[in-house]
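**Student:** These protein sequence lines map, in sequence, to chains A and B. The numbering of the first sequence is the numbering used here, which starts it at 31 and goes up by one. The numbering of the second sequence is the numbering used here, which starts it at 31 and goes up by one.
There are 2 protein chains.
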Amino acid sequence: MTRASRRAYDVIQELILTGKLAPAEPITETELSVLAEVSRTPVREAISQLENEGLVTRSETGRLTVSKWQSEELEDLFSLRTLVEGYAAERAATRISPAEIAELKEANEQLHEAVREPVDITAFLDANRRFHDIIIRASASKRTAGILARLVEQPIVSATAHRYDHSLFQSSYDEHAELIVALDHGDPLWAKAIMTMHIRRAYHALSNLKNSVTATDAIQA
Amino acid sequence: MTRASRRAYDVIQELILTGKLAPAEPITETELSVLAEVSRTPVREAISQLENEGLVTRSETGRLTVSKWQSEELEDLFSLRTLVEGYAAERAATRISPAEIAELKEANEQLHEAVREPVDITAFLDANRRFHDIIIRASASKRTAGILARLVEQPIVSATAHRYDHSLFQSSYDEHAELIVALDHGDPLWAKAIMTMHIRRAYHALSNLKNSVTATDAIQA
DNA sequence: TCGATCGATTTGGCATACAATTTTGGCGCA
DNA sequence: TGCGCCAAAATTGTATGCCAAATCGATCGA
Chain A
31 MTRASRRAYD
41 VIQELILTGK
51 LAPAEPITET
61 ELSVLAEVSR
71 TPVREAISQL
81 ENEGLVTRSE
91 TGRLTVSKWQ
101 SEELEDLFSL
111 RTLVEGYAAE
121 RAATRISPAE
131 IAELKEANEQ
141 LHEAVREPVD
151 ITAFLDANRR
161 FHDIIIRASA
171 SKRTAGILAR
181 LVEQPIVSAT
191 AHRYDHSLFQ
201 SSYDEHAELI
211 VALDHGDPLW
221 AKAIMTMHIR
231 RAYHALSNLK
241 NSVTATDAIQ
251 A
Chain B
31 MTRASRRAYD
41 VIQELILTGK
51 LAPAEPITET
61 ELSVLAEVSR
71 TPVREAISQL
81 ENEGLVTRSE
91 TGRLTVSKWQ
101 SEELEDLFSL
111 RTLVEGYAAE
121 RAATRISPAE
131 IAELKEANEQ
141 LHEAVREPVD
151 ITAFLDANRR
161 FHDIIIRASA
171 SKRTAGILAR
181 LVEQPIVSAT
191 AHRYDHSLFQ
201 SSYDEHAELI
211 VALDHGDPLW
221 AKAIMTMHIR
231 RAYHALSNLK
241 NSVTATDAIQ
251 A
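Encoded structure:
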């Protein structure tokens, strides 16, 4: 994404996640272009991306509104992630190179650093992202990468990480480590199973939180 | 999609699939806007869609090229479809309404009409598309719908339908019919299994063809 | 007073002009 | 002759303006 488009994207996403734009509230492109201090062209590009990700919706006449979060969606989101990322891990097991294995180890060590008290959440998210990206790359499926980008970009996911408790950070590290072993052995089913477990665990950790905090709370935490 | 964007999309897709634009060949937005007889703005929108679908690629500096088909990609494509569409069928089993069941039956009857000799391929594709769309709608997952749009839009899939033999058309009808029964019984695992079978069969039918014809041949058939 | 229709205003779609960036070709120097 | 740098050309990125369509409100009629 380009400079102005990125700016528009960031601004709009921020506005939605912080609740400054209420769900179901109609918004206009012009309005957004003023808020983001760019013209309507990059705003339109940003919106089409956000539409992809499900944060904004277009009415059948083309009017824009902020999507409202259905609580059921979290389950759907993670089910899809489980499917697709499991598939990626399965494929990666027979395709990954020694160099990529080494990269995974390095990313996981950085994650380990990040979760040492005091936990550096940004660094954690960063290392985690890198780890998963390497696997997707190793799976050699451009389609998978594209699909996951949509599912993982969901800001609610990373936002809620701020509420993870420490044991979850630790298990992330452990599960990643085991996944590396499975990939190194070139065992697709093993890799897939670990990835599935990994994501389901994260889902349930989030799912518990969800009952006590709203998305808006989470991002502000 | 809007009028001009749609036009641009159709023209560019046609050019790529008929091989008038060779893979790896660099193309420019201006060039395409001339060919499609619209301005660059809708062309850019069309391109971003085609990029999603994997038909065109952008270099890291923003230059455009036609993607080249890897033969391995067909397997990847169908594996992902199997995953996601199986998931949709599973969810639909517990969510589908009697009205939607009726719609499915109707769509499948139209499909039946279409595959009677002489086979009306366009009508077949149309009915088939409707059938699958209803299931996706019943699965009540906007994300699933969005993802599948990318996977199914792949024109090579529908293009190759022109080479299906008659028995495949018949089994499509039968499998759809069984899927309706499974959905009507509200059995998620049954529905998922049938859908998985259905797509895998289609994959192998296509995969056999692939060895004898190229994508370009297929579209011209 | 309620409803419908027509007009004004808003909103999105598209084209075009301009700016920034990248590529390419040529020229000079080693 | 080859390498590197600079400039010009080409290409993408961004802004703006105009047009068509849709929405909302007001006024007129029943």
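Note that CB positions come from ideal geometry on N, CA and C, so glycine has one too.
Of all the residues that make up the region 213–235 of chain B, which are near chain A by a beta-carbon distance shorter than 8 Å?
**Tutor:** none
**Student:** Quick check on A/Pro53: does DSSP put it in helix, strand or coil?
**Tutor:** In the first sequence, the residue the question calls residue 53 of chain A occupies position 23. Residue state, collapsed to three classes: coil.
**Student:** Check the DSSP bridge columns for A/Val64 and list the partner residues they point to.
**Tutor:** On the first sequence, position 34 is the one that residue 64 of chain A refers to. A/Val64 pairs with nothing; no bridge assigned.
**Student:** What residue ranges within the region 93–139 of chain A form continuous beta strand (DSSP E) runs of no fewer than 3 residues, ordered along the chain?
**Tutor:** 94–96
**Student:** Measure the C-alpha to C-alpha separation of B/Gln140 and B/Ala157 and round it to an integer number of angstroms.
**Tutor:** Position 110 of the second sequence, counted from the start, is the residue given in the question as residue 140 of chain B. Position 127 of the second sequence, counted from the start, is the residue given in the question as residue 157 of chain B. Rounded to whole angstroms, B/Gln140 to B/Ala157 spans 6 Å at the Cα level.
**Student:** Classify B/Arg146 as helix, strand or coil using the three-state DSSP reduction.
**Tutor:** Residue mapping note: residue 146 of chain B aligns to position 116 of the second sequence, counting from 1. Looking at B/Arg146 - three-state DSSP - the assignment turns out to be coil, as it is neither helix nor strand.
**Student:** Cutting at 7 Å between CB atoms, please list the residues of its own chain near B/Gln79, excluding the five before and the five after it.
**Tutor:** By one-based count along the second sequence, residue 79 of chain B stands at place 49. Tyr39, listed in sequence order.
**Student:** Can you check which of these residues, A/Glu105, A/Leu104, A/Arg88, is closest to A/Ser97 by C-alpha distance?
**Tutor:** Taking the first residue of the first sequence as 1, we reach residue 97 of chain A at position 67. Nearest C-alpha to A/Ser97: A/Arg88.
**Student:** Counting only C-beta atoms, is B/Val86 closer than 9 Å to chain A at any point?
**Tutor:** On the second sequence, position 56 is the one that residue 86 of chain B refers to. By this cut-off, B/Val86 is not an interface position.
**Student:** Give me the DSSP bridge partner(s) of B/Thr174.
**Tutor:** As a first step, residue 174 of chain B must be located in the second sequence, where it is residue number 144. DSSP, once it has assigned bridges, lists no residue as partnering B/Thr174.
**Student:** May I have the straight-line CA-CA distance separating A/Gln250 from A/Val41, to the nearest angstrom?
**Tutor:** As a first step, residue 250 of chain A is located in the first sequence; it is residue number 220 there, counting from the start. As a first step, residue 41 of chain A is located in the first sequence; it is residue number 11 there, counting from the start. Its pLDDT being 34, under 50, A/Gln250 is placed unreliably in this model, and the value from its coordinates should be taken loosely. Cα-Cα distance, rounded: 15 Å.
**Student:** Quick one: residues in its chain with C-beta nearer than 8 Å to the C-beta of A/Ser229, no 5 flanking neighbours on either side, listed in chain order?
**Tutor:** On the first sequence, residue 229 of chain A is found 199 positions in, with the first residue counted as 1. Per the sequence shown, residue 229 of chain A should be read as Ile rather than Ser. Phe108, Arg111, Thr112, Glu115, Gly116, listed in sequence order.
**Student:** By Cβ distance, which residues of its chain are closer than 7 Å to B/Ile257, with the 5 residues on each side in sequence left out?
**Tutor:** Beyond the ends of chain B as shown, which are 31 and 251, falls residue 257 of chain B; an answer cannot be given.
**Student:** Taking the alpha helix (DSSP H) that A/Thr71 belongs to, which residues open and close that run?
**Tutor:** In the first sequence, the residue the question calls residue 71 of chain A occupies position 41. Note, A/Thr71: alpha helix (DSSP H), 70–83.
**Student:** Specify the secondary structure class of A/Thr87 as computed by DSSP and reduced to three states.
**Tutor:** Residue 87 of chain A sits at position 57 when you count from the first residue of the first sequence. In the structure shown, A/Thr87 sits in a strand (DSSP, three-state: E or B).
**Student:** Just reading off the alpha helix (DSSP H) that B/Thr152 is part of, what are its end residues?
**Tutor:** Within the second sequence, numbered from 1, the residue matching residue 152 of chain B stands at position 122. Its alpha helix (DSSP H) spans residues 151–168.
**Student:** Exposed or buried, what is B/Ser200 when buried is set at 16 or more other beta-carbons lying within 10 Å of its beta-carbon?
**Tutor:** For the purposes of this step, residue 200 of chain B is taken as residue 170 along the second sequence, with counting starting at 1. A small fix is needed here, since residue 200 of chain B is Gln in this sequence, not Ser. Exposed, because fewer than 16 other Cβ atoms sit within 10 Å of the Cβ of B/Gln200.
**Student:** Check A/His215 in the structure and name its three-state DSSP category.
**Tutor:** Within the first sequence, the letter at position 185 stands for residue 215 of chain A. Here A/His215 carries a coil assignment [DSSP, helix/strand/coil].
**Student:** Is the shortest distance between the beta-carbon of A/Leu47 and the beta-carbons of chain B less than 9 Å?
**Tutor:** Residue 47 of chain A sits at position 17 when you count from the first residue of the first sequence. Cβ-Cβ to chain B under 9 Å: no for A/Leu47.
**Student:** Alpha carbons only, please: which of B/Thr91, B/Trp99, B/Glu75 is nearest the one belonging to B/Pro53?
**Tutor:** Within the second sequence, numbered from 1, the residue matching residue 53 of chain B stands at position 23. B/Pro53 has its Cα closest to that of B/Trp99, out of B/Thr91, B/Trp99, B/Glu75.
**Student:** By Cβ distance below 6 Å, which residues in the same chain neighbour B/Glu208 in space, the five residues on each side in sequence not counted?
**Tutor:** Residue numbering aside, residue 208 of chain B sits at position 178 when the second sequence is read from its first letter. Closer than 6 Å at Cβ, skipping near neighbours: Ile224.
**Student:** Please return the same chain residues whose Cβ sits closer than 6 Å to the Cβ of B/Ala137, not counting the five positions on each side in sequence.
**Tutor:** Within the second sequence, numbered from 1, the residue matching residue 137 of chain B stands at position 107. Here the set comprises Ala157, Arg160, Phe161.
**Student:** Compare the Cα-Cα distances from A/Arg37 to each of A/Glu147, A/Ser63, A/Lys222, A/Ala129 and report the closest residue.
**Tutor:** Along the first sequence, one-based indexing puts residue 37 of chain A at 7. If we check each option's Cα against that of A/Arg37, A/Ser63 comes out closest.
**Student:** Of all Cβ atoms in chain A, is any one closer than 9 Å to the Cβ of B/Asp163?
**Tutor:** One-based indexing of the second sequence puts residue 163 of chain B at position 133. False, the Cβ-Cβ gap to chain A never drops below 9 Å.
**Student:** Ends of the alpha helix (DSSP H) at B/Asp40?
**Tutor:** For this step, residue 40 of chain B is matched to residue 10 along the second sequence. From DSSP, the alpha helix (DSSP H) with B/Asp40 extends over 33–47.
**Student:** Counting only C-beta atoms, is A/Lys98 closer than 9 Å to chain B at any point?
**Tutor:** Here residue 98 of chain A corresponds to residue number 68 of the first sequence, with the count starting at 1. Answer no: the Cβ-Cβ gap between A/Lys98 and chain B never drops below 9 Å.
**Student:** Which residues of the region 115–130 of chain B have a Cβ closer than 7 Å to any Cβ of chain A? Give them in chain order.
**Tutor:** Tyr117
**Student:** What three-state label does DSSP hand A/Asp204 in the structure shown?
**Tutor:** By one-based count along the first sequence, residue 204 of chain A stands at place 174. Helix.
**Student:** Identify, in the order they occur along the chain, each residue of the same chain with its Cβ nearer than 7 Å to the Cβ of B/Ser35, setting aside the five sequence neighbours on each side.
**Tutor:** Position 5 of the second sequence, counting from 1, holds the residue named residue 35 of chain B. Closer than 7 Å at the Cβ level, and outside the excluded window around B/Ser35, lie Pro72, Glu75, Ala76.
**Student:** Take the Cβ of B/Ala129 as the centre, count every other Cβ of all protein chains shown within 10 Å, and call the residue buried at 16 or more, exposed below.
**Tutor:** Along the second sequence, read from residue 1 onward, the residue named residue 129 of chain B stands at position 99. Under this definition B/Ala129 is an exposed residue.
**Student:** Given that a residue counts as buried once 16 or more other Cβ atoms are within 10 Å of its Cβ, and exposed if not, what is B/Lys50?
**Tutor:** Locating residue 50 of chain B in the second sequence gives position 20, counting from the first residue. B/Lys50 is exposed by the Cβ-count criterion.
**Student:** Return the CA-CA distance between B/Asp163 and B/Thr58, expressed in angstroms with no decimal places.
**Tutor:** By 1-based counting over the second sequence, the position of residue 163 of chain B is 133. By 1-based counting over the second sequence, the position of residue 58 of chain B is 28. So the alpha carbons of these two residues sit roughly 34 Å apart.
**Student:** Give a yes or no on whether the minimum CB-CB distance between B/Glu75 and chain A is below 9 Å.
**Tutor:** Start at 1 with the first residue of the second sequence, and residue 75 of chain B comes out as number 45. True, the Cβ-Cβ gap to chain A drops below 9 Å.
**Student:** Leaving out the 5 sequence neighbours to the left and right, which residues in its chain are closer than 7 Å to A/Thr226 when beta-carbon positions are compared?
**Tutor:** Here residue 226 of chain A refers to the residue found at position 196 of the first sequence. Result list for A/Thr226: Thr112, Gly116, in chain order.
**Student:** Taking 9 Å as the CB-CB limit, is A/Glu59 close to chain B?
**Tutor:** Taking the first residue of the first sequence as 1, we reach residue 59 of chain A at position 29. Under the 9 Å criterion on CB atoms, A/Glu59 is classed as non-interfacial with respect to chain B.
**Student:** What separation, rounded to the nearest whole angstrom, lies between the Cα atoms of A/Val68 and A/Ser197?
**Tutor:** Within the first sequence, the letter at position 38 stands for residue 68 of chain A. Within the first sequence, the letter at position 167 stands for residue 197 of chain A. C-alpha separation (whole angstroms): 43 Å.
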